[in-house]
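The structure appears below as structure tokens.
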Amino acid sequence: MPKYLVIVESPAKAKTIKKFLGTNYEVVASNGHVRDLPKSKLGFDVENDFEPHYITIRGKGELLAKLRKEVKKADKVYLATDPDREGEAISWHLSQALKLEETKHNRITFNEITKNAVKASIKQARDIDMNMVDSQQARRMIDRMVGYGISPLLWAKVKRGLSAGRVQSVALRIICDREEEINAFVPEEYWTLEGDFKVEGQKKPLHAKFYGTKSSKLTIENEEQLRGILSELEHTEFHIADVKKGERSKKPPIPFTTSTLQQEAAKLLNYSTQKTMRIAQQLYEGIDIKGKGTVGLITYLRTDSTRISAEADEEAKKYIAKHYGEENVLKSGGQKESKKKIQDAHEAIRPTYVDLTPTVVKESLARDQFRLYQLIWKRFIASRMENAKYETTSIKIDGGDYRFTASASKLVFDGFLNVYGTDEEKEESAAVSGTITADSRIEVLQFEEGQHFTQPPAHFTEASLVKTLEELGIGRPSTYAPTITTIIARRYVAKENKNLYVTEIGEVVNAIMKTSFPSIVDVNFTANLEGLLDCVEDGTVAWKTVVSNFYPDLHDAVLQAEREIQQIKIEDEVSDVICEQCGRNMVVKYGPHGKFLACPGFPDCRNTKPYFEKIGIPCPSCGKEVVIRKTKKGRKYYGCENNPDCDFMSWQKPTKEKCPDCNGYMVEKGARIVCADPKCGFVIEKDRLKELVQESTEDEENK
Numbered sequence: 001m002p003k004y005l006v007i008v009e010s011p012a013k014a015k016t017i018k019k020f021l022g023t024n025y026e027v028v029a030s031n032g033h034v035r036d037l038p039k040s041k042l043g044f045d046v047e048n049d050f051e052p053h054y055i056t057i058r059g060k061g062e063l064l065a066k067l068r069k070e071v072k073k074a075d076k077v078y079l080a081t082d083p084d085r086e087g088e089a090i091s092w093h094l095s096q097a098l099k100l101e102e103t104k105h106n107r108i109t110f111n112e113i114t115k116n117a118v119k120a121s122i123k124q125a126r127d128i129d130m131n132m133v134d135s136q137q138a139r140r141m142i143d144r145m146v147g148y149g150i151s152p153l154l155w156a157k158v159k160r161g162l163s164a165g166r167v168q169s170v171a172l173r174i175i176c177d178r179e180e181e182i183n184a185f186v187p188e189e190y191w192t193l194e195g196d197f198k199v200e201g202q203k204k205p206l207h208a209k210f211y212g213t214k215s216s217k218l219t220i221e222n223e224e225q226l227r228g229i230l231s232e233l234e235h236t237e238f239h240i241a242d243v244k245k246g247e248r249s250k251k252p253p254i255p256f257t258t259s260t261l262q263q264e265a266a267k268l269l270n271y272s273t274q275k276t277m278r279i280a281q282q283l284y285e286g287i288d289i290k291g292k293g294t295v296g297l298i299t300y301l302r303t304d305s306t307r308i309s310a311e312a313d314e315e316a317k318k319y320i321a322k323h324y325g326e327e328n329v330l331k332s333g334g335q336k337e338s339k340k341k342i343q344d345a346h347e348a349i350r351p352t353y354v355d356l357t358p359t360v361v362k363e364s365l366a367r368d369q370f371r372l373y374q375l376i377w378k379r380f381i382a383s384r385m386e387n388a389k390y391e392t393t394s395i396k397i398d399g400g401d402y403r404f405t406a407s408a409s410k411l412v413f414d415g416f417l418n419v420y421g422t423d424e425e426k427e428e429s430a431a432v433s434g435t436i437t438a439d440s441r442i443e444v445l446q447f448e449e450g451q452h453f454t455q456p457p458a459h460f461t462e463a464s465l466v467k468t469l470e471e472l473g474i475g476r477p478s479t480y481a482p483t484i485t486t487i488i489a490r491r492y493v494a495k496e497n498k499n500l501y502v503t504e505i506g507e508v509v510n511a512i513m514k515t516s517f518p519s520i521v522d523v524n525f526t527a528n529l530e531g532l533l534d535c536v537e538d539g540t541v542a543w544k545t546v547v548s549n550f551y552p553d554l555h556d557a558v559l560q561a562e563r564e565i566q567q568i569k570i571e572d573e574v575s576d577v578i579c580e581q582c583g584r585n586m587v588v589k590y591g592p593h594g595k596f597l598a599c600p601g602f603p604d605c606r607n608t609k610p611y612f613e614k615i616g617i618p619c620p621s622c623g624k625e626v627v628i629r630k631t632k633k634g635r636k637y638y639g640c641e642n643n644p645d646c647d648f649m650s651w652q653k654p655t656k657e658k659c660p661d662c663n664g665y666m667v668e669k670g671a672r673i674v675c676a677d678p679k680c681g682f683v684i685e686k687d688r689l690k691e692l693v694q695e696s697t698e699d700e701e702n703k
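The numbers in UniProt numbering rise by one with no breaks, and the one at position 513 of the sequence shown is 513.
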């Protein structure tokens, strides 16, 4: 009997596939990559057409020896690594390391680890797709150029252990740019006005919101404007100008892609991108399900496609008709998401077997696995269901020249909300009686007013950063989680209560990258490069063309940055703090968390202390010095040196000048100075404030 060898990446995947194939098949794991560029050098020959030099990864020699023995026993070898660029590259490296290059049609791929999919893939075995391999090679080499070219400069300028990456540097810049927006944001005041109206024949009052005039929407900008409107409405008679009834539909969600799965898992389950991908990998590779053995529960988890196979679509619709009724089955093709470029011809992420409901598999899954599987299962089923339908009522109430509006909605057909929807989507808004007509008499009972301030842009979360990276075309499904994990691990970014904040080191690294390597952190440049890598995969651009065009500009930028950095003599900053152990003046150094004080007598004296940089401004609360402090995770803020006796703190840098309107302290917001109390609302340009201070000083001197 012929013997067949199937090589996959992980032991879990091997275990799942083994049960689908007969005794003639041996399934073994390579445990990921077996060859890579050497760590000790760049790894390719610039002078020799950028020819890469691959070596066996340390620790993989023994594994490769075992694989070679298995290859000799086999009549046919199948390479079954993941169905994406990286998986294709792993297969190619295996074929090279195991000398399989003469063996044709030995590459198999499947989008789901099921019996039918695995057996069908063997019948459709093909050659390794060298365009996909070349695209991955180009990405790897460009990332190596950036990392190995720029990281040593960061070590010289800031501290050892820092790194620069092509995608991570852009992600850091995006977060830094948002932080600058937030810091420069000045709140603007606005007011809201709402009213309760008694309607003839109605027990409950009708609650309506101020809209504006009869002809246009109006924003109430200050209290003076509000008082003017209320005085005009004081003796005004109100009447119902219009009652309109209608229907509104809410479309079902599209099935998950890598990006949307990470976003929803973060929002609903509070999972990090890394945790989501780790658990999804487990569900894809196979879980031991009670009574069924090892089963791959979901399709491939790295995809930016929303396509669903005809078979899966049919199975889902049969399930919906049986359990939720034929009326809930989606009649049309469902929502389609427009994309500039879909990297791979994968399906969306969906359950492999619709009848393996979350309830059926719950006992076999860990809690985190169950919650993610339930999310994927429900999302997929919901995507094959009909729209939810609402009955809507909107009412316009006029008084003089002004208009108030009231609206309500009632859920009349659940559709996909039977499976996948929030309580808010299912709840009805304040009911409006069907007996209200344009002829109903109405009078005002009371007005409710409220003062508000506009809010700055939100800090990035992992989910919103993934969404932004995808929208900008930066990175691909497989890169989102490792990119975010890296910038957090390097302490460029701190994660607090889901939000991402730039740390002191992150600011320094971003400033160097923007100054010395503007193209590397340019969003459009990075997105265009992703497009070029897609063209390599399509076979329309040669991979060495992309690499050879990228290298010279980066090399020149590195040389220029080296010259500039060499001109800067980097010396430890001497502080006025005396080391209590040896009497020397302590110096400022950079550590993993930012600056700290260390004794210059190291290693004889190993004394260290936290470093609080003074900003030359007295504390608004107690008059002592304001210093720069950091939260436990590295986020910068301004606090009093007398902490904890004085609890003053501010996220924005305070100023010496007092607010001329309320005498409170003020803070810097970009090019403006604003009162720290938003209720005061005083704002002035920095340059204008300097002029006023100078004029005030001159007046005092003249007196």
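Note that CB positions come from ideal geometry on N, CA and C, so glycine has one too. Keep in mind it's a predicted model, so treat the numbers as computed, not measured.
Our two residues, Asp82 and Phe110, have alpha carbons roughly 8 Å apart in a direct line.
By the Cβ-count criterion, Val574 is exposed, with fewer than 16 other Cβ atoms from all chains shown falling within 10 Å of its own Cβ. Contact check for Thr454 and Lys19: beta-carbon distance about 59 Å, past the 8 Å limit, so the pair fails to qualify. When DSSP states are grouped into helix, strand and coil, Phe370 belongs to the helix group.
Cβ-Cβ distances below 8 Å link Cys646 to Cys619, Ser621, Cys622, Lys624 and Cys640 in the same chain, with the five nearest sequence neighbours on each side left out; the list follows chain order. Its chain contains Cys659, Asp661, Cys662 and Gly664 as the residues whose beta carbon lies nearer than 7 Å to that of Cys680, once the 5 sequence neighbours on both sides are disregarded; these appear in chain order. The continuous alpha helix (DSSP H) containing Phe525 extends over residues Val523 to Asp538. Straight-line measurement puts the Cα of Glu504 at about 12 Å from the Cα of Glu613. Counting along the chain, no beta strand (DSSP E) covers Pro351, and no H or E run does either. For Gln124, no beta strand (DSSP E) segment is defined, and its DSSP state is neither H nor E. As the crow flies, the alpha-carbon of Glu26 is around 5 Å from that of Leu5.
Taking C-beta atoms as the reference points, Val683 and Phe648 fail to come closer than 9 Å. The beta carbon of Asp677 sits closer than 8 Å to those of Cys659, Cys662 and Gly664, all from its chain and outside the five residues before and after it, given in chain order. Excluding the 5 residues flanking it on each side, Glu285 has same chain C-beta neighbours closer than 8 Å at Ser10, Ala12, Lys13, Thr16, Ile113 and Gly296, in chain order. Remark: C-beta atoms of Ser272 and Glu462 approach each other more closely than 9 Å. DSSP lists no bridge partner for Gln96.
Ala80 carries a coil assignment under DSSP once its states are collapsed to helix, strand and coil. Pairing Tyr300 with Ser30, the inter-Cα distance amounts to about 19 Å. For the 9 Å CB-CB criterion, Val493 and Leu206 do not form a contact. Distance between Thr236 and Tyr190, taken at the CA atoms: about 24 Å. Using a Cβ distance threshold of 9 Å, Asn106 and Ala120 do not count as a contacting pair. Of the candidates Gly43, Pro253, Ile150 and Ser650, Pro253 places its Cα closest to the Cα of Arg350. Excluding residues up to 5 positions away in sequence, Ile287, Asp288, Ile289 and Lys290 lie with their Cβ nearer than 7 Å to the Cβ of Ser364 in the same chain. Taken in chain order, the complete alpha helix (DSSP H) segments of 4 residues or longer contained in the stretch 204 to 244 are 223 to 233. Here Ser516 is near Ala561, since their CB atoms are less than 9 Å apart. Inclusion of Gly165 and Gly147 in the CB contact set at 9 Å is warranted, their separation being smaller than that value. A Cβ-Cβ contact shorter than 9 Å links Asp398 with Lys214. The beta carbons of Ile175 and Val521 sit about 11 Å from each other, so the pair does not count as a contact at 8 Å. Just measuring C-alpha positions, the residue of Gly59, Glu62, Leu42 and Gly61 sitting nearest His53 is Leu42. In the displayed model, Gln281 falls within a helix according to three-state DSSP. Taking every protein chain shown into account, the CB of Ser259 has 16 or more other CB atoms within 10 angstroms, so this residue is buried. With contacts defined as CB atoms closer than 9 Å, Lys203 and Gly415 fail to qualify as a contacting pair. Of the other Cβ atoms in all chains shown, 16 or more fall within 10 Å of the Cβ of Gly421; this residue is therefore buried. Rounded to whole angstroms, Ala408 and Asn116 show a C-alpha spacing of 50 Å. Taken through DSSP and simplified to helix, strand or coil, Tyr480 comes out as helix.
Distance from the CA atom of Thr257 to the CA atom of Asp304, rounded to whole angstroms, is 5 Å.
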